[in-house]
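> Sharing a structure here in structure tokens format.
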Amino acid sequence: MSEESTVILDGTGIERALTRIAHEILEKNKGVENLSLVGIRTGGVYLAKELAKRLEGIEGATVQVGEVDITLYRDDYKGQSLNMPVGKTDFPFTVEGKKVVLFDDVLYTGRTIRAAMDAIMDHGRPACIQLAVLIDRGHRELPIRADFVGRNVPTSIKESIAVRFDDQQKPIEVVLEK
Amino acid sequence: MKSFAHKDIIALRDLSKEEIELLISTAETMREINNRPIKKVPTLRGRTVINLFYEASTRTRTSFEIAAKRLSADLVNISPSTSSSTKGETLSDTALNLLAMKPDIIVMRHSASGAHYFLSKRLPTCSVINAGDGTHEHPSQGLLDMLTMKDRFGRLDGLKVAIVGDITHSRVARSNIQGLTKMGSHIFVAGPPTMVPPGVEKLGNVTACSTMKEAIEDADVVMMLRIQQERQGKTLMPSTGEYAKYFGLNPVNLKLAKPDAMVMHPGPINRGVEMSSFVVDGNQAHILKQVENGVAVRMAMLYHVIGGEPE
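Chains A and B, in that order, are what the protein sequence lines are.
So for the first sequence, my numbering puts the first residue at 1; every next one is plus one.
So for the second sequence, my numbering puts the first residue at 1001; every next one is plus one.
Encoded structure:
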């Protein structure tokens, strides 16, 4: 697969980043009232659930987590993507009027985020959408910026970044492959 | 990564078990869209679907139309009364004329079995979906029936499925036999001797029964077929009354099936002929659920053929 891979964030590092993002979200939104998390399948969903646990731990109130599959909203159908199995989109809450924090593992071109925002808005009109990502690797192709970032990692286009999870869907490490 | 490698969907006979599973699982996720307040995703935006129906249909045609529109495709309906076939144009010429208009998918119903294979060969750049061809197959109906059974039992493997009625003329029966055999179900068919083709066992995991009782005893699913009066006329059975007596489903003979058996019918129903109104409106009937699943299944078919590579 690759000749060289480096761990750029270990388990503890991810924990700390998520804890900091949790505090930043609370600071910006002044609590969790009317706030919901939406993870982008599949890595973003696991991370959103981890984040929800932290928010609940700090505030003592439940935060609901939805999941969004962007397959039907992609903009590159002519390539390989159409014909991919379609995953589940599931919001256990109404999006209408909610403050939605969208969570993805790696922010890259921004096209996934654009697709996810379209998917969310097809379910209703949220009060706002904020974006949280564990890794921002740059190379944006759309005018999209994250509100909460775990770690900024300057990369070359030839490199790839993967967030690895264990069987319990807990993040283990972030790996940069050259 | 599972993917779908066909340009066309003409018969379940041509698909593998894995491909059928993929279509059913995509349909399961498509259902979520049908329950939204805004029932539309942009997936097939800019694609053109032609509904070409040489035979009368309301349910299937409408279902494909809704499916295409929920995926944002543009859809045009062509029916025989308004098409050039009444002016003598051949199917081949119609195909080439349609192709010149650059459609992405043609959904066709035709009275000639195998017409879609003929069409597909002439349309290398366009997908063909079979919405029923003669007495051959009706794959979208087979898929939606399997999805409805899977909803009820969580599996298809090991189910006893009774199919009762005019097996000979039924493309619904053929698609179900092809699909269900691949999924590991056992099919029991019954009907008047004039309506059960000799050698039906060779189509798949099929047992031919001489009486309706034999077929529906302990069945998980009882699928009743429509008596197609437009196809067989009056020649194959003495009267609808006599048919109802020997091959109609009523609350009494339904008790022979498993207590939680589901009752299915591809519609439209001849009440009092193949099924009594007590059964149609009873709580074991899943007929409207079939119609609901039909839209999701057709969305899955439209989605997967667009990504398919030419064979």
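Heads up, the beta-carbon is just placed ideally off N, CA and C, and yes, glycines get one too.
Please read all numbers here as calculations on a predicted model, not as lab measurements.
Under 6 angstroms Cβ to Cβ from N1250(B), same chain only, skipping five residues before and after it: list those, please.
Contacts found: S1276.
> Which ranges would you report for the alpha helix (DSSP H) in the region 1124-1181 of chain B if only whole runs of at least 4 residues count?
1139-1153
> For the alpha helix (DSSP H) that Q1290(B) lies in, which residues bound it at each end?
1287-1307
> Hey, is the region 1131-1138 of chain B in contact with the region 1162-1174 of chain B, meaning 3+ C-beta pairs nearer than 8 angstroms?
Taking 8 angstroms as the limit for Cβ pairs, the verdict is that the region 1162-1174 of chain B does touch the region 1131-1138 of chain B.
> At which residues does the beta strand (DSSP E) containing A1190(B) begin and terminate?
1186-1190
> Do F1064(B) and R1226(B) have their CB atoms nearer than 7 angstroms?
no
> Threshold first: 4 residues or longer. Then list the alpha helix (DSSP H) segments lying entirely within the region 42-83 of chain A, N to C.
43-59
> Identify whether S156(A) lies in helix, strand or coil by the three-state DSSP scheme.
Of the three classes helix, strand and coil, the one that applies to S156(A) here is coil, per DSSP.
> Alpha helix (DSSP H) containing F93(A): first to last residue?
For F93(A), no alpha helix (DSSP H) encloses it, and the DSSP letter there is neither H nor E.
> Taking a Cβ distance cut-off of 9 angstroms, strictly less, list which residues of the region 1059-1092 of chain B are near chain A, in chain order.
L1071
> Going along chain A in order, which residues have a C-beta closer than 9 angstroms to the C-beta of M1030(B)?
L72, V86
> Would you decide whether R193(A) is buried or exposed? Buried here means 16 or more other CB atoms lie within 10 Å of its CB.
Since the displayed chain A opens at 1 and closes at 178, residue 193(A) lies outside it and no answer follows.
> Hey, quick one: how far does the beta strand (DSSP E) through I1106(B) stretch, first residue to last?
Per DSSP, the unbroken beta strand (DSSP E) holding I1106(B) starts and ends at 1105-1110.
> Could you tell me whether the Cβ atoms of A132(A) and Y73(A) are closer together than 7 angstroms?
no
> What are the boundary residues of the beta strand (DSSP E) that includes F1053(B)?
Start and end: 1048-1053.
> Output the boundary residues of the alpha helix (DSSP H) element that contains L1096(B).
1091-1099
> So, at 7 angstroms on beta carbons, what are the nonlocal neighbours of V1206(B) in its own chain, with the 5 sequence-adjacent residues on each side left out?
I1177, I1187, V1189, V1200
> I'd like to confirm something about G87(A): is its beta-carbon nearer than 6 angstroms to some heavy atom of the ligand GDP, or not?
This structure lacks the ligand GDP, and indeed carries no ligand of any kind.
> Can you find the residues in the same chain that come closer than 6 angstroms, C-beta to C-beta, to V45(A), ignoring five residues on each side of it along the sequence?
G39, E67
> Evaluate E1019(B) with the Cβ neighbour count: other Cβ atoms within 10 Å of its Cβ, from every protein chain shown; 16 or more gives buried, anything less gives exposed.
buried
> List the endpoints of the continuous beta strand (DSSP E) containing P171(A).
Run containing P171(A): 171-177, per the beta strand (DSSP E) assignment.
> Can you tell me whether E1312(B) is buried or exposed? The criterion is at least 16 other CB atoms within 10 Å of its CB, across all chains shown.
With chain B represented from 1001 up to 1311, any question about residue 1312(B) goes unanswered, as that position is not in the structure.
> Is any beta-carbon of chain B found at less than 7 angstroms from that of I172(A)?
no
> With DSSP as the reference, please indicate the residues paired to G39(A) in a beta bridge.
E67(A), F103(A)
> In chain B, which residues lie less than 8 angstroms from T89(A) when you measure between Cβ atoms?
T1029, E1032
> Hey, would you say L1071(B) sits closer than 7 angstroms to A1095(B), going by beta carbons?
No. Outside cutoff.
> Taking CB distances under 7 angstroms as the criterion, tell me whether G79(A) reaches chain B.
Note on G79(A): pLDDT 47, under 50, position unreliable in the model; the coordinate value appears next. No, G79(A) does not count as interfacial toward chain B.
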